[in-house]
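Student: Take 1 as the starting number for the sequence shown in UniProt numbering and just add one per residue.
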Amino acid sequence: MTRFKYKGQATVEVMLSIGILLAIYLSLYQVLIPSVNNSTVNLIEARKIIWSRVMDVDRAKLSGEYRLNKHTEKLFIPLNKLLPVKLQGKNLRELKKLDKKPFYPMTRLTDSWQARSSEELSTRPASLVVNNLLSGEITELIQDGLGSIFLAKELSSDYLVFGTISPDVVPEEVLQKKE
(Lines of atoms letter the chains of each structure in order from A; the text may use other names.)
(Lines give C-alpha, C1' and ligand atoms only; values in the text may rest on other atoms or scores of the structure.)
Protein backbone atom coordinates (compact mmCIF):
# COMPACT_ATOMS: atom_id res chain seq x y z
CA MET A 1 0.00 0.00 0.00
CA THR A 2 1.45 3.31 -1.05
CA ARG A 3 0.87 6.39 1.00
CA PHE A 4 0.55 8.93 -1.76
CA LYS A 5 -0.55 7.95 -5.17
CA TYR A 6 0.67 11.23 -6.55
CA LYS A 7 3.83 12.39 -4.79
CA GLY A 8 3.52 16.08 -5.71
CA GLN A 9 -0.06 16.47 -4.48
CA ALA A 10 0.86 17.00 -0.77
CA THR A 11 3.52 19.54 -1.68
CA VAL A 12 1.12 21.53 -3.84
CA GLU A 13 -1.59 21.51 -1.13
CA VAL A 14 0.88 22.67 1.55
CA MET A 15 2.19 25.43 -0.74
CA LEU A 16 -1.37 26.60 -1.53
CA SER A 17 -2.41 26.64 2.15
CA ILE A 18 0.76 28.53 3.14
CA GLY A 19 0.15 31.01 0.32
CA ILE A 20 -3.47 31.59 1.34
CA LEU A 21 -2.50 32.02 5.02
CA LEU A 22 0.28 34.42 4.02
CA ALA A 23 -2.12 36.48 1.89
CA ILE A 24 -4.63 36.68 4.76
CA TYR A 25 -1.87 37.62 7.21
CA LEU A 26 -0.46 40.37 4.97
CA SER A 27 -3.88 41.87 4.26
CA LEU A 28 -4.70 41.96 7.99
CA TYR A 29 -1.21 43.23 8.79
CA GLN A 30 -1.70 46.23 6.50
CA VAL A 31 -5.00 47.06 8.26
CA LEU A 32 -4.20 46.18 11.88
CA ILE A 33 -0.68 47.59 12.34
CA PRO A 34 -1.58 51.20 11.40
CA SER A 35 -4.65 50.94 13.62
CA VAL A 36 -2.57 49.69 16.56
CA ASN A 37 0.02 52.43 16.01
CA ASN A 38 -2.73 55.06 15.77
CA SER A 39 -4.36 53.83 18.98
CA THR A 40 -1.00 53.88 20.77
CA VAL A 41 -0.36 57.47 19.68
CA ASN A 42 -3.88 58.49 20.81
CA LEU A 43 -3.34 56.83 24.18
CA ILE A 44 -0.01 58.65 24.67
CA GLU A 45 -1.66 61.97 23.78
CA ALA A 46 -4.50 61.31 26.23
CA ARG A 47 -2.02 60.60 29.02
CA LYS A 48 -0.09 63.79 28.23
CA ILE A 49 -3.30 65.83 28.42
CA ILE A 50 -4.28 64.33 31.77
CA TRP A 51 -0.83 64.54 33.39
CA SER A 52 0.25 67.95 32.08
CA ARG A 53 1.05 70.51 34.78
CA VAL A 54 -1.13 73.22 33.27
CA MET A 55 -4.56 71.93 32.33
CA ASP A 56 -5.60 72.37 28.71
CA VAL A 57 -9.19 73.62 29.07
CA ASP A 58 -10.07 72.66 25.49
CA ARG A 59 -9.18 69.01 26.06
CA ALA A 60 -9.72 68.42 29.77
CA LYS A 61 -12.18 69.47 32.45
CA LEU A 62 -12.32 69.51 36.25
CA SER A 63 -15.18 67.89 38.10
CA GLY A 64 -16.03 66.58 41.53
CA GLU A 65 -18.30 63.76 40.45
CA TYR A 66 -16.88 60.72 42.19
CA ARG A 67 -18.23 58.74 45.13
CA LEU A 68 -15.65 59.73 47.78
CA ASN A 69 -16.08 63.42 47.00
CA LYS A 70 -19.83 63.21 47.49
CA HIS A 71 -19.28 61.88 51.02
CA THR A 72 -16.38 64.16 51.99
CA GLU A 73 -18.19 67.25 50.71
CA LYS A 74 -20.41 67.01 53.79
CA LEU A 75 -17.28 67.49 55.92
CA PHE A 76 -15.33 69.93 53.72
CA ILE A 77 -18.04 72.57 53.30
CA PRO A 78 -18.42 73.32 57.05
CA LEU A 79 -14.65 72.91 57.59
CA ASN A 80 -13.85 75.46 54.89
CA LYS A 81 -16.27 77.91 56.52
CA LEU A 82 -14.63 77.52 59.95
CA LEU A 83 -10.96 77.29 59.01
CA PRO A 84 -8.87 78.80 56.21
CA VAL A 85 -8.00 75.38 54.77
CA LYS A 86 -9.63 75.81 51.33
CA LEU A 87 -10.06 72.14 50.45
CA GLN A 88 -11.46 71.94 46.93
CA GLY A 89 -14.02 69.41 45.85
CA LYS A 90 -13.42 69.74 42.13
CA ASN A 91 -10.13 67.91 41.82
CA LEU A 92 -10.89 65.17 39.30
CA ARG A 93 -9.31 65.97 35.95
CA GLU A 94 -11.18 64.27 33.13
CA LEU A 95 -10.49 64.02 29.43
CA LYS A 96 -13.20 65.58 27.29
CA LYS A 97 -14.57 63.56 24.40
CA LEU A 98 -12.46 64.09 21.32
CA ASP A 99 -13.34 63.63 17.66
CA LYS A 100 -10.62 61.01 17.29
CA LYS A 101 -11.49 57.34 17.46
CA PRO A 102 -10.86 55.30 19.59
CA PHE A 103 -11.45 57.44 22.68
CA TYR A 104 -9.75 56.49 25.93
CA PRO A 105 -11.75 57.75 28.93
CA MET A 106 -9.09 58.86 31.40
CA THR A 107 -9.26 60.65 34.71
CA ARG A 108 -6.77 61.80 37.32
CA LEU A 109 -7.21 63.05 40.86
CA THR A 110 -5.19 66.24 41.06
CA ASP A 111 -3.34 67.38 44.13
CA SER A 112 -5.38 70.54 44.55
CA TRP A 113 -5.21 70.23 48.34
CA GLN A 114 -1.51 71.07 48.37
CA ALA A 115 -0.19 74.34 49.77
CA ARG A 116 0.16 76.97 47.06
CA SER A 117 2.57 79.28 48.91
CA SER A 118 5.28 78.96 51.54
CA GLU A 119 3.00 80.72 54.03
CA GLU A 120 0.33 78.03 53.59
CA LEU A 121 2.88 75.34 54.49
CA SER A 122 2.64 76.44 58.12
CA THR A 123 -0.79 78.08 58.34
CA ARG A 124 -2.86 75.27 56.85
CA PRO A 125 -1.66 72.46 59.17
CA ALA A 126 -1.73 74.86 62.13
CA SER A 127 -5.33 75.79 61.39
CA LEU A 128 -6.34 72.14 61.82
CA VAL A 129 -4.87 71.97 65.36
CA VAL A 130 -7.44 72.62 68.09
CA ASN A 131 -4.98 74.70 70.16
CA ASN A 132 -4.62 77.08 67.23
CA LEU A 133 -8.11 78.38 67.99
CA LEU A 134 -6.67 79.78 71.23
CA SER A 135 -4.04 81.77 69.38
CA GLY A 136 -5.14 85.28 68.62
CA GLU A 137 -4.79 88.87 69.71
CA ILE A 138 -7.29 88.59 72.57
CA THR A 139 -5.60 85.49 73.97
CA GLU A 140 -2.17 87.12 73.69
CA LEU A 141 -3.47 90.19 75.54
CA ILE A 142 -4.84 88.00 78.35
CA GLN A 143 -1.58 86.03 78.49
CA ASP A 144 0.54 89.18 78.69
CA GLY A 145 -1.72 90.54 81.44
CA LEU A 146 -1.52 87.33 83.48
CA GLY A 147 2.22 87.14 82.91
CA SER A 148 2.78 90.63 84.29
CA ILE A 149 0.36 90.27 87.24
CA PHE A 150 1.79 87.03 88.57
CA LEU A 151 5.34 87.88 87.52
CA ALA A 152 5.51 84.57 85.65
CA LYS A 153 6.99 85.18 82.24
CA GLU A 154 6.13 81.60 81.21
CA LEU A 155 2.51 82.73 80.85
CA SER A 156 3.31 85.59 78.47
CA SER A 157 2.51 85.25 74.78
CA ASP A 158 6.20 85.12 73.83
CA TYR A 159 6.77 81.94 75.82
CA LEU A 160 3.44 80.11 75.68
CA VAL A 161 2.44 79.84 72.03
CA PHE A 162 -0.61 77.68 71.47
CA GLY A 163 -0.37 74.99 68.79
CA THR A 164 3.46 74.84 68.75
CA ILE A 165 6.13 72.96 70.67
CA SER A 166 9.42 74.70 71.28
CA PRO A 167 12.49 72.42 71.12
CA ASP A 168 13.98 74.37 74.05
CA VAL A 169 11.10 73.42 76.36
CA VAL A 170 11.38 69.61 76.01
CA PRO A 171 12.50 68.08 79.36
CA GLU A 172 15.86 66.32 79.45
CA GLU A 173 14.41 63.00 80.65
CA VAL A 174 12.41 62.78 77.42
CA LEU A 175 15.48 63.26 75.26
CA GLN A 176 17.43 60.05 74.70
CA LYS A 177 20.85 59.71 73.17
CA LYS A 178 21.10 57.36 70.22
CA GLU A 179 23.82 54.80 70.70
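Positions of the beta carbon are idealized from the N, C-alpha and C atoms, including for glycine.
How is the alpha helix (DSSP H) around leucine 62 delimited, first residue to last?
Tutor: No alpha helix (DSSP H) holds leucine 62; the beta strand (DSSP E) holding it covers 60-63.
Student: Can you name the start and end residues of the beta strand (DSSP E) that leucine 92 belongs to?
Tutor: Start and end: 92-95.
Student: Starting from arginine 67, trace the alpha helix (DSSP H) in both directions and tell me its first and last residue.
Tutor: Element bounds for arginine 67: 67-82.
Student: Taking CB distances under 9 Å as the criterion, tell me whether isoleucine 24 reaches chain C.
Tutor: Reference to chain C is not applicable here, since this structure consists of a single protein chain.
Student: Measure the beta-carbon distance from arginine 108 to isoleucine 50 and round it to whole angstroms, keeping in mind my assumption that it falls under 8 Å.
Tutor: Correct: roughly 5 Å between the Cβ atoms.
Student: Please classify leucine 160 as buried or exposed, where buried requires at least 16 neighbouring CB atoms within 10 angstroms.
Tutor: When all chains shown are included, leucine 160 counts as buried.
Student: For leucine 16, does the three-state DSSP call read helix, strand or coil?
Tutor: The answer is helix: DSSP assigns leucine 16 an H, G or I state.
Student: Please list the terminal residues of the continuous beta strand (DSSP E) segment that includes leucine 109.
Tutor: Taken as a continuous stretch (DSSP letters only), the beta strand (DSSP E) holding leucine 109 covers 107-109.
Student: Between the alpha carbons of leucine 83 and serine 135, how many angstroms are there, rounded?
Tutor: The straight-line gap from Cα to Cα measures roughly 13 Å.
Student: Under three-state DSSP, which class holds aspartate 144?
Tutor: Reduced to three states, the DSSP call for aspartate 144 is helix.
Student: Any chance the region 58-66 sits against the region 86-95, with 3 or more Cβ pairs inside 8 Å?
Tutor: As far as the Cβ criterion goes, the region 58-66 touches the region 86-95, which means the pair count is three or higher.
Student: On the CB-based measure, 16 or more other CB atoms within 10 Å of its CB, does alanine 23 come out buried or exposed?
Tutor: Label assigned to alanine 23: exposed.
Student: Using C-beta distances below 6 Å, list every residue in its chain close to alanine 46, excluding the 5 sequence neighbours before and after it, in chain order.
Tutor: Only Leu95, Tyr104 and Met106 meet the Cβ criterion.
Student: What is the rounded straight-line gap between the Cα of leucine 26 and the Cα of glycine 8?
Tutor: Going by the C-alpha atoms only, they are around 27 Å apart.
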